Amino acid sequence: MSATVQSIAIAGDDCPVIDVECNMSNGLPNLLIVGFANKAVEEARERVRSAFSNSDLDMPKKRIIINLAPADLPKESPSFDAAIATSILLASGQVKQRPPQKTLIMGELGLDGSIRPVRGIIGAIISGKKKGFTTFYIPKKNQRQAALIPDITVIPVNSLREIYLDLTKTVQISPLIPKDSHYIHKQQESATDFCHVVGQARAKRALEIAAAGAHNILLNGPPGTGKSMLAKAIPSILAPLELDEILEITHLHSLATKQFDKILTNRPFRSPHHSASEIAIIGGGQKPRPGEISLSHRGVLFFDEFPEFDRNVIEALRQPLEDKTITVTRAKDSFTFPADFILVATANPCPCGYYGTDKTCSCMPSQIVKYQRKLSGPIIDRIDMHIDVEEVQHEHLLKDGREENSQTIRQRVIKARSAQQKRFSNPSKTNSTLTNQEIKRHAQLDTTAEKLLNDAAKRLDISPRSYMRLIKVARTIADLDDSNNVTVPHISEALQYRRQTTQL
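Each residue of the sequence shown is one higher than the one before, counting from 4 in the working numbering.
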């Protein structure tokens, strides 16, 4: 007696389909699981036995062998429990009819027969859908996430008993109808509004440009000038997420965090401590998982006191800042995670923070050089905008200056993002991700603007990479001005955001 059902492995961005084969034969009652299964999968033996007993189902008194094929792929998730139990029901004849064609079964069994939610459900369903599967038995607590994926049939189940009743057509479960739920576009209010930041008009303008075009930005200045406060206000002006982006970030956070059944409807804002390890930032581990750069995908990665981070961590940002992905390679496997984020970083001019200001700097010249060299040329070159944050006069701090609020700025950012979506016919593409070929096609520089840029590049010794990034920033400024062409004022403003070097 044998039977086969299909499940899917929860693994990175491409989840392989797994055939769960069950064979029964005479012999001492036993349940064996083979097929490169780790401890979490092997322990399904006890979960399945208890679940059968507490679900009023008969556990066959046979020698039962479960094979998870293909056998050369590691199986590391308890999400195969429900498929294993279903294959036993089929092989023992308790269920006469197989699940419909192109059906995947996922879920972790509890000892009481309940089916617990599993992490990475969105990625598993999307991978299954790409492979032609149309029906998915999933834990009911994962149904809110599954409801975001269109053109599939989702059958949410609470227990093994419900799977049995549905397959025997005793009590059939109504399929969940995926829909674009109303909560998708609900924007959470940010704790920090731009109207709370006194002065700093130039820094606010730069952050608006960064939000509109997804440009990386570095805020320089002495301690206490509001660099961190400005950075923490940027989520309040970001454009809302599109449905595809919600699926992406919800899947990534489901793989890496404890709240794996939660839907993320706001752009992420991640702020790791400067003592964070390289693996914590870029991802990895014995079982590779997304790091902070992937958890900030489609959002903001904030590095407060950028030079204080370990040099290896800073240099590890080279690939994701350029390619918008990160590849984590280990001896057993290789995983590629998305990492399309806005890098917002802050830095002091020296360890004490007062070099180049009116206050006395207590640092030795060698300390200042060592501190500034923590940021290498290639990393600096990958940051589109550099802003010096000046001190605010004390008498202005308590005055009501009627600063522009985040909602007003956000409307301009949304308008600029809409112009980019229309230009690129891609809701997720921004000016910062343009390739050199796309820049030539979409930048639309006026003749005078191009001449100004070329003259400035020669005079200021701008590298080719910085040259192209200047055009990207200028294109975003033009979008904020609702201009089809990049003109001289746009190039002039973009040039102001270049790094200003300070001589010792």
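From the three backbone atoms N, C-alpha and C, an ideal C-beta is built for every residue, glycine too. Owing to the predicted nature of the structure, the values given are computational and were not obtained by experimental measurement.
Secondary structure at tyrosine 470: helix, using DSSP grouped into helix, strand and coil. The beta carbon of isoleucine 412 sits closer than 7 Å to the beta carbons of Phe197, Glu211, Ile240 from its chain, once the five residues preceding and following it are set aside; these are given in chain order. Every alpha helix (DSSP H) of 4 residues or more that sits fully in the segment 268 to 320 is shown, in chain order, as 281 to 285, 295 to 298, 314 to 318.
Rounded to the nearest angstrom, the gap between the Cα atoms of glycine 356 and leucine 221 is 15 Å. Counting every other CB atom within 10 Å of its CB across the protein chains shown gives glycine 216 a total of 16 or more, marking it as buried. The DSSP assignment places complete alpha helix (DSSP H) segments of no fewer than 4 residues inside the segment 386 to 434 at 397 to 400, 409 to 427, in order along the chain. Residue pairing by DSSP places lysine 78 opposite Ala40 in a beta bridge. In the structure shown, aspartate 22 adopts extended strand secondary structure according to DSSP, grouped into three states.
Between serine 177 and arginine 501, the alpha-carbon positions lie close to 59 Å from each other. Between arginine 385 and arginine 321 a beta carbon distance of about 7 Å is seen, short of the 8 Å cut, so the two are scored as contacting. DSSP places leucine 151 outside any beta strand (DSSP E), giving it a letter other than H or E. For secondary structure counted as the alpha helix (DSSP H) over 4 or more consecutive residues, the segment 217 to 267 holds these complete runs in sequence order: 230 to 236, 246 to 259. Judged by beta-carbon spacing, serine 431 lies within the 8 Å limit of glutamate 245, meaning their Cβ atoms are closer than that value.
According to the DSSP secondary-structure assignment, alanine 72 is paired through a beta bridge with Asp22. Check the Cα spacing between glutamine 375 and each of Arg420, Ile317, Pro341, Ile91: the tightest is with Ile317.
Counting C-beta pairs closer than 8 Å gives fewer than three between the segment 101 to 108 and the segment 60 to 75, which falls short of the contact rule. DSSP places glutamine 9 inside the beta strand (DSSP E), whose first and last residues are 5 to 11. Annotation: the segment 62 to 146 contains the following complete segments of the alpha helix (DSSP H) (minimum length 4 residues), in chain order: 84 to 94, 124 to 133. Under the three-state reduction of DSSP output, phenylalanine 344 falls in the coil class, being neither helix nor strand. For threonine 330, the uninterrupted beta strand (DSSP E) segment begins and ends at 328 to 332.
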